[in-house]
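Numbering-wise, my numbering comes out as the position in the sequence shown, counting from 1, plus 174.
Beta carbons: idealized from backbone N, C-alpha and C, even for Gly.
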Amino acid sequence: MLAYYPTMSSNLDLDGLIANLEMPGRTLAFCDETNLTEQATADLVANLRLHVGVVMAAEIYAPAAADLSAFLETHGLPEFHAAEVVNGKKNTPWQAVSYETRIGAFERMTDTLSVAGSRIPYLYLSEQQHDEMVTQSAGLIVSDYKQSLKTVFLTSMAEYLNAEPTPILLIDRDKNTPGPVLHQMSHPGALLGGGAISVESHKVIGLQIADMAAYVVRRYLFKKTALHAGNGSPFDEIATKAVASFHERFDLLLAPEPIVA
């Protein structure tokens with residue numbers, strides 16, 4: 175299994191790079207992950223996990239990030255987090271935000287997912303499929319499901335971005351770890367810095383956009399029955415519209431088949 179290795183030391187000025195993501199000529203890839211299921215549903219197997227990226231040129235990202243940052247500043251909010259926007263979660267800054275404003279924020283974020291020239295690479299795998307791969311690989315795949323999937327996703331993203339000009343791969347930091355951190359990879363391809371860069375999501379609008387991408391996929395999968403019956407909420411309808419916009423831009427990185435190094 176190809177691996178990546180966190181390191182705090184690098185010749186790359188990570189803070190400077192993050193401050194200048196919008197430099198023309200760069201290709202930016204923002205990534206997030208989510209559990210689609212824990213228990214099996216009528217349509218989905220149990221313990222199914224999704225990794226998703228949002229890839230766009232810096233020239234496309236710059237105006238989108240400026241617009242979203244202006245929205246946050248106007249409403250005195252620190253960041254977009256899809257679940258908090260939709261639910262107005264208790265003990266979050268979105269709790270006091272009106273329903274109408276939250277709908278507007280959600281739609282604004284999904285409009286960014288629809289921007290022309292962007293792409294949505296993704297990868298999914300269930301824990302059962304992973305365990306089968308571990309057995310079939312004769313020890314070549316590490317046994318930790320989430321870590322395996324993350325490693326495969328980042329490696330696949332590096333390959334996906336290999337032909338792009340000056341690609342930068344950004345991921346949300348793990349809990350309770352500092353950022354930015356360079357995760358060096360054994361096969362980084364053309365990635366600037368030689369790996370994925372993890373950083374706090376509130377510092378990078380693009381990571382908040384990736385969070386939204388993962389969220390709308392999950393919400394659509396769980397709400398499509400209600401939508402077809404005409405019982406979807408405004409958030410469900412917006413999420414469905416966003417997922418529909420992925421058509422011909424939704425790139426499966428790796429079929430859920432046995433993977434060996």
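Span of the beta strand (DSSP E) around residue i
i: HIS225; result: 222 to 231
i: VAL373; result: 369 to 373
i: ALA203; result: 201 to 209
i: VAL355; result: 355 to 359
i: LEU297; result: 294 to 300
Buried or exposed (CB count within 10 angstroms, at least 16 for buried), residue i
i: THR399; result: exposed
i: SER330; result: buried
i: THR139; result: It is not possible to answer for residue 139, since the shown part of the chain is limited to 175 through 435.
i: TYR273; result: exposed
i: HIS402; result: exposed
i: GLU306; result: exposed
i: PRO252; result: exposed
i: PRO339; result: exposed
i: HIS255; result: buried
i: HIS357; result: buried
i: GLN303; result: buried
i: GLU212; result: exposed
i: ASN261; result: exposed
i: ASP318; result: exposed
i: ASP410; result: buried
i: GLN382; result: buried
Residue i - DSSP class collapsed to helix/strand/coil
i: MET282; result: Checking the sequence shown, residue 282 turns out to be Arg, not Met. In this structure, ARG282 counts as helix in the three-state DSSP scheme.
i: SER243; result: helix
i: LEU401; result: helix
i: ARG423; result: coil
i: ARG392; result: helix
i: MET386; result: helix
i: LEU218; result: coil
i: LEU343; result: strand
i: LEU428; result: coil
i: PRO362; result: coil
i: ALA337; result: coil
i: GLU196; result: coil
i: ALA238; result: helix
i: LYS264; result: coil
i: GLY380; result: helix
i: GLU253; result: coil
i: GLU274; result: helix
i: GLN269; result: helix
i: THR248; result: helix
i: GLN303; result: helix
First through last residue of the alpha helix (DSSP H) which encompasses residue i
i: LEU328; result: 319 to 334
i: SER311; result: Segment: none, SER311 is in no alpha helix (DSSP H) and carries neither H nor E.
i: THR414; result: 408 to 419
i: ASP189; result: 188 to 193
i: GLU258; result: 256 to 261
CB-CB length for residue i against residue j, believed under 8 angstroms
i: PRO267; j: GLU233; result: Going by Cβ atoms, the distance from PRO267 to GLU233 rounds to 31 angstroms, so no, they are not a contact pair.
i: GLY404; j: LYS397; result: In fact, because the Cβ distance is near 12 angstroms, the residues do not count as touching under 8 angstroms.
i: PRO362; j: ILE277; result: Contact doesn't hold; Cβ gap of about 40 angstroms is too wide.
i: ALA257; j: LYS263; result: 7 angstroms
i: TYR296; j: LEU427; result: 7 angstroms
i: ILE412; j: PHE280; result: 6 angstroms
i: VAL228; j: ALA384; result: 5 angstroms
Meets three-Cβ-pair contact criterion under 8 angstroms: the region 343 to 355 and the region 377 to 396
yes
Does the region 401 to 420 come close enough to the region 224 to 243 that 3 or more CB-CB pairs lie under 8 angstroms?
no
Tell me, please, whether the region 204 to 215 touches the region 379 to 397 by the rule of three or more beta-carbon pairs shorter than 8 angstroms.
yes
Count the C-beta pairs between the region 334 to 352 and the region 360 to 375 that are closer than 8 angstroms, then say yes if the count reaches three, no if not.
yes
Between the region 271 to 285 and the region 324 to 340, do three or more beta carbon pairs fall short of 8 angstroms?
no
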